[in-house]
Ligand code: FEO
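In this note's numbering, the protein residues as written are 55 to 222.
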């Protein structure tokens, strides 16, 4: 049976992952409607990954005898200033998510739930990867500058595999 405090921390994270998915969908829409096809593809795929994170939390809580609650989700911004801001915001958001993941690990340690702590390691590693990949995109943007967005967009298009079915 899942410890109550751990369950609460995991259930709280369902909303954070759902919000992340919707935030990236909003960014995908911004890119799509501004002619940045590659960037849109990147964000649609990112939104799918966040939904997958959300599902991981939902299923784990249920499997361990807890009860996942599907939350209402805050509306993400509908507009963004430009490419540099979008990716700066993405990095900031991922750093925030990393801090949330660390907090959950902290609760697991406090409550001596080492099973969930081990399970959370996947998210710890995922955050390292996500922060690194978004930081690399920010570096690329800095190098290319705002005048080379066509090139940037072509470049980022190749960074994701086939378009996920939900984004076609
Ligand atoms: Fe679910 Fe991008 O962290």
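Built from N, CA and C at the ideal position, the CB exists for glycine as well.
This one's a predicted model, so the numbers in the text were calculated from it and none came from an experiment.
Give the secondary structure of residue i by DSSP, where H, G and I count as helix, E and B as strand, and everything else as coil.
| i | result |
| --- | --- |
| residue 135 | coil |
| residue 167 | coil |
| residue 196 | helix |
| residue 179 | helix |
| residue 154 | helix |
| residue 108 | helix |
| residue 174 | helix |
| residue 90 | coil |
| residue 55 | coil |
Pick from the options: whose alpha carbon is nearest that of residue i?
| i | options | result |
| --- | --- | --- |
| residue 115 | 80, 74 and 66 | 66 |
| residue 201 | 118, 137, 62 and 188 | 137 |
| residue 211 | 95, 165 and 110 | 95 |
| residue 189 | 144, 112 and 92 | 144 |
| residue 118 | 110, 180 and 155 | 110 |
| residue 106 | 178, 68 and 196 | 68 |
| residue 203 | 174, 90 and 75 | 90 |
| residue 175 | 164, 208, 122 and 159 | 159 |
Could you tell me the boundaries of the alpha helix (DSSP H) in which residue i lies?
| i | result |
| --- | --- |
| residue 213 | From DSSP, residue 213 is part of no alpha helix (DSSP H); its letter is neither H nor E. |
| residue 128 | Element bounds for residue 128: n/a, residue is neither H nor E. |
| residue 121 | Premise fails: residue 121 is in no alpha helix (DSSP H) and is neither H nor E. |
| residue 201 | Careful: residue 201 lies outside any alpha helix (DSSP H) and carries neither H nor E. |
| residue 77 | 58–87 |
With residue i and residue j assumed to form a contact (beta carbons below 8 Å), what rounded beta-carbon distance in angstroms separates them?
| i | j | result |
| --- | --- | --- |
| residue 78 | residue 101 | 4 Å |
| residue 161 | residue 58 | With a Cβ gap of about 11 Å, residue 161 and residue 58 do not count as contacting. |
| residue 80 | residue 130 | 4 Å |
| residue 191 | residue 134 | Their Cβ separation, rounded to whole angstroms, is 15 Å, which puts residue 191 and residue 134 out of contact at 8 Å. |
| residue 75 | residue 104 | 4 Å |
Checklist entry - ligand 1: which residues have Cβ under 6 Å from any of its heavy atoms, chain order? => result 71, 74, 104, 107, 148, 151 and 184
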